[in-house]
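What follows is a short report on a single structure.
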Amino acid sequence: MTQETSHATNARILAETHFEISEFLKLFSPLLKRHLIGEDRQRSFSRLALCEIMTILVAHQIIGAPNLKHFYQKIIWQYHRREFPGLISYSRFSGSAAIAVVPLTLYLRFRMEMSRHTGLSVIDSTPLRVCMNLRIPRHQVFKGLAGRGKSSTGWFYGFKLHLVVNHVGELMNVFISEGNHDDRKPVLDLVRKLKGKLLGDKGYIKKKLLQQLMAQGVQLLTTLKKNMKPQQRTFFDRLLLRKRSLVETTNDLLKNYFQIEHSRHRSVTGLMNTILTALIAYTFYPTKPEMRSVVLQGAVVPITP
9 MTQETSHATN ARILAETHFE ISEFLKLFSP LLKRHLIGED RQRSFSRLAL CEIMTILVAH
69 QIIGAPNLKH FYQKIIWQYH RREFPGLISY SRFSGSAAIA VVPLTLYLRF RMEMSRHTGL
129 SVIDSTPLRV CMNLRIPRHQ VFKGLAGRGK SSTGWFYGFK LHLVVNHVGE LMNVFISEGN
189 HDDRKPVLDL VRKLKGKLLG DKGYIKKKLL QQLMAQGVQL LTTLKKNMKP QQRTFFDRLL
249 LRKRSLVETT NDLLKNYFQI EHSRHRSVTG LMNTILTALI AYTFYPTKPE MRSVVLQGAV
309 VPITP
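Letter by letter, the sequence shown follows residues 9 to 313 in our numbering.
Right under this line is the structure:
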């Protein structure tokens with residue numbers, strides 16, 4: 009890709025993202041006004057409008073720049089000042105970005121409401137490390153908020169991202185917790201609007217939880233622990249469990265392309281903006297991981313238009 013083509017692509021992404029966000033803000037402006045600081049204070053703090061701040065934060069993730077500072081100084085500042093005439097220094101932008109946390113949260117919820125209810129979903133959690141294990145005693149930014157947890161790859165310090173995706177890779181719901189949070193605790197809230205089959209790993213096994221989900225119209229299918237007796241399952245259910253890795257592909261995409269996990273955060277709002285914009289950018293991703301080569305008749309309810 010030539011440099012001119014790259015700049016044209018970035019300009020198109022910025023324009024499309026700005027349009028989508030501005031339409032959202034028009035629709036939900038009465039709700040946002042109840043949660044945001046006054047317009048006069050915003051204006052004195054930054055010459056950039058809220059829509060422009062959100063656009064830059066989200067577009068940075070969609071375009072896949074190495075980090076926000078590089079995106080702002082090397083791409084926005086050098087090539088797109090015409091689109092953002094009120095540009096400010098990066099340090100001031102970092103400070104003003106704090107006002108975007110609540111709107112980005114609502115925008116993510118808005119984007120997830122557009123996901124289709126297919127009757128087949130996958131649930132999982134993934135660690136969001138905020139520092140290396142050797143640096144835990146000296147870490148101060150998230151002291152009292154982050155926690156030590158253990159994943160399949162070992163111990164970590166930070167937070168957990170709990171997420172539910174449907175069988176075509178669309179985000180249905182998300183939840184952020186400290187690193188030592190039990191994966192089973194947020195399940196009922198995460199799937200409260202869902203019906204059908206829910207695939208998960210053996211960490212979600214709990215008799216009471218299975219009963220509560222069944223009463224809600226959700227059948228939880230998990231892999232078995234070593235000390236558990238074999239269970240009678242249909243061939244189709246066994247086949248579906250082999251496809252559970254769909255959500256792990258989603259996690260890999262969030263971490264390696266959208267960079268939802270890194271150790272450069274200097275504030276809680278910086279962490280929240282990174283997580284929210286990565287998840288929002290994922291909802292725009294055109295080729296999400298999905299379950300292929302699976303006949304879904306009888307397992308998936310008709311997709312609602």
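C-beta atoms are modelled at their ideal positions from N, C-alpha and C, and glycine is treated no differently.
{"Query": "Would you list the residues sitting across from H270 in a DSSP beta bridge?", "Result": "In DSSP, H270 forms no bridge with anything."}
{"Query": "Can you tell me which of the three DSSP states Q227 falls into?", "Result": "strand"}
{"Query": "Around the C-beta of P313, are 16 or more other C-beta atoms found within 10 angstroms, so that it is buried, or is it exposed?", "Result": "Because P313 sits at a pLDDT of 36, beneath the cut-off of 50, its placement in the model cannot be relied upon, and the following sentence gives the value as read from the coordinates. Burial call: exposed."}
{"Query": "If you draw a straight line from the C-alpha of V109 to the C-alpha of L116, how long is it?", "Result": "11 angstroms"}
{"Query": "Over what stretch of residues does the beta strand (DSSP E) that includes I184 continue unbroken?", "Result": "179-186"}
{"Query": "In the DSSP output, which residue or residues are listed as bridge partners for F167?", "Result": "L136, E186"}
{"Query": "Using CA coordinates, which residue listed in K216, Q81, H273 is at the minimum distance from H68?", "Result": "Q81"}
{"Query": "R192 bridges to which residues according to DSSP?", "Result": "DSSP output for R192 lists no bridge partner at all."}
{"Query": "Is there at least one Cβ from chain B nearer than 8 angstroms to H125's Cβ?", "Result": "No chain B appears in the structure shown, which is made up of a single protein chain."}
{"Query": "In whole angstroms, give me the CA-to-CA distance for F27 and K201.", "Result": "29 angstroms"}
{"Query": "In the DSSP assignment, the alpha helix (DSSP H) including G103 goes from what residue to what residue?", "Result": "98-104"}
{"Query": "Drop a sphere of 10 angstroms on the beta-carbon of T63, count the other beta-carbons inside from all chains shown, and report buried for 16 or more, exposed for fewer.", "Result": "buried"}
{"Query": "Could you tell me if Q18 is buried or exposed, where buried requires 16 or more neighbouring beta carbons within 10 angstroms of its beta carbon?", "Result": "Going by the sequence as given, residue 18 is Asn instead of Gln. It counts as buried."}
{"Query": "Below 7 angstroms, is the gap between the Cβ of K216 and the nearest heavy atom of the ligand ATP?", "Result": "Summarising the ligand content, the structure contains no ligands, and the ligand ATP is consequently not present."}
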